[in-house]
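The working numbering runs 466 ahead of the 1-based position in the sequence shown.
First comes the structure, then the notes that go with it.
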Amino acid sequence: MPRSDRDTSIEAPSTSFRFGERAREETRRAPVETPVNIVYPPMPFAVMMATPADLRDFAVGFSLTEGIVERVDEIRGVEIEERERGLGLLVTLAPEKMRRHLSRARNMAGRTGCGLCGIDDLSALPDFVGQPRAFSRPRLSAIRRAIGELGGRQPLNDATHAVHAAAWFSPEGECLAAREDVGRHNALDKLIGALALAGADPAAGFVVITSRCSFEMVEKAAVFGAGAIVAVSAPTSLAIERARARGMILMAVARADGVRCFTGEERIIDDLAGKDAGA
467 MPRSDRDTSI
477 EAPSTSFRFG
487 ERAREETRRA
497 PVETPVNIVY
507 PPMPFAVMMA
517 TPADLRDFAV
527 GFSLTEGIVE
537 RVDEIRGVEI
547 EERERGLGLL
557 VTLAPEKMRR
567 HLSRARNMAG
577 RTGCGLCGID
587 DLSALPDFVG
597 QPRAFSRPRL
607 SAIRRAIGEL
617 GGRQPLNDAT
627 HAVHAAAWFS
637 PEGECLAARE
647 DVGRHNALDK
657 LIGALALAGA
667 DPAAGFVVIT
677 SRCSFEMVEK
687 AAVFGAGAIV
697 AVSAPTSLAI
707 ERARARGMIL
717 MAVARADGVR
727 CFTGEERIID
737 DLAGKDAGA
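Written out as structure tokens, the structure reads:
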């Protein structure tokens, strides 16, 4: 029996820039990222961003690790509902356990990794459709320089090999600020806080992150006002969708020899085409 009858990945069109070569139109599989509303009827509890597979396992594991239940037999049933903006995961508890849960009346706030802080219902998901913002058009030479500089801006990771980084680069690819944290969201929040405190112009630079690029990472960068985000790892389906709606450039799978652009490729200045990649 298959663990999921839903798509767990999509074919995402992208423009592949190999530094020093002409751009190529390609596709790459991206994991599907779906809002999943965990509900202990009648109370919604949290919205988590997840892959739409093994959801019964997810419901049970989440209920145990969040302390909602102590044993699997305290869960009487798990039902999956298709909803307009995602999926509903209805977890029915034993009556006594449900009474205790209702008495706690606790909404989950902020998780390192997969949730939407403070949101407990799909109707509260942020909605946005806008026009491309005005910002400095990034040059591929600056992107390449930034990718090369990023490693030298991670002293904690050099010591531990266990943390993420988020960095802010000028239009020329100069690193102006970098922050590290065990959580990828935390690293980006730290960077945005530092830039806001310094009065940095969001239009005059771009963000580079060492992690995968998910929905929340795009949203955080967009709230700050950044027009472009570059990720060392791959993007999710919802990150691509959100970046497109926000009018942002989303580049990912960033390596020393090239990068893929999933949205906004027409706004990138390819000043390396036909040049020696090592120049």
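Positions of the beta carbon are idealized from the N, C-alpha and C atoms, including for glycine.
Near residue i, which residues of its chain fall below 7 Å by C-beta distance, leaving aside the five closest residues on each side in sequence?
i, result
"G724", "S482, F483, R484 and F485"
"G614", "A722"
"E477", "T493 and R495"
By DSSP, does residue i sit in helix, in strand, or in coil?
i, result
"I613", "helix"
"E732", "helix"
"L559", "strand"
"S569", "helix"
"A739", "coil"
"A478", "strand"
"A666", "coil"
Let me check understanding here. Comparing Cα to Cα, which of the options lies closest to residue i?
i, options, result
"E638", "H567, D737, Q620 and R542", "D737"
"A700", "V544, I476, M509 and A496", "A496"
"A709", "E682, I734 and V698", "E682"
"T500", "E548, N652 and D539", "E548"
"I675", "A612, S602 and L568", "A612"
"L606", "G533, A489, S475 and V502", "A489"
"Y506", "P479, G618, T702 and K563", "K563"
Do you know offhand how far residue i's Cα is from residue j's?
i, j, result
"V535", "G659", "37 Å"
"L642", "T626", "23 Å"
"V719", "C679", "10 Å"
"A662", "D655", "10 Å"
"P561", "I695", "47 Å"
"T493", "I735", "21 Å"
"L553", "A512", "12 Å"
"D539", "R522", "14 Å"
"L568", "E550", "26 Å"
"E685", "E487", "32 Å"
"L556", "W634", "41 Å"
"I541", "R610", "51 Å"
"I706", "F728", "7 Å"
"P604", "I715", "9 Å"
Going along the chain, which residues of its own chain have a beta-carbon closer than 6 Å to the beta-carbon of residue i, five neighbours each way excluded?
i, result
"E731", "T481"
"F690", "I658 and P668"
"R472", "P518"
"A687", "V673 and I695"
"G543", "T558"
"F601", "A669 and G693"
"A697", "I675, C679 and A718"
Which residues in the same chain as residue i place their Cβ atom closer than 8 Å to its Cβ, once the five residues preceding and following it in sequence are excluded?
i, result
"S636", "A608, L642, A670 and G671"
"V629", "Q620, L622, N623, E646, D647, V648 and A653"
"I504", "P510, F511, A512, V513, M514, A525, F528, L555 and V557"
"I546", "L521, R522, L553, G554, L555 and L556"
"L616", "A631, A633, C641, A644, V674, T676 and V698"
Counting only runs that start and end within the region 680 to 724, where is the alpha helix (DSSP H) found for 4 or more residues in a row? 681 to 690 and 703 to 712
Every unbroken alpha helix (DSSP H) within the region 598 to 662, with a cutoff of 4 residues, ordered by chain: 606 to 616 and 621 to 626
Suppose only complete runs of 3+ residues qualify. What are the beta strand (DSSP E) ranges in the region 520 to 564, listed by chain order? 541 to 549 and 552 to 559
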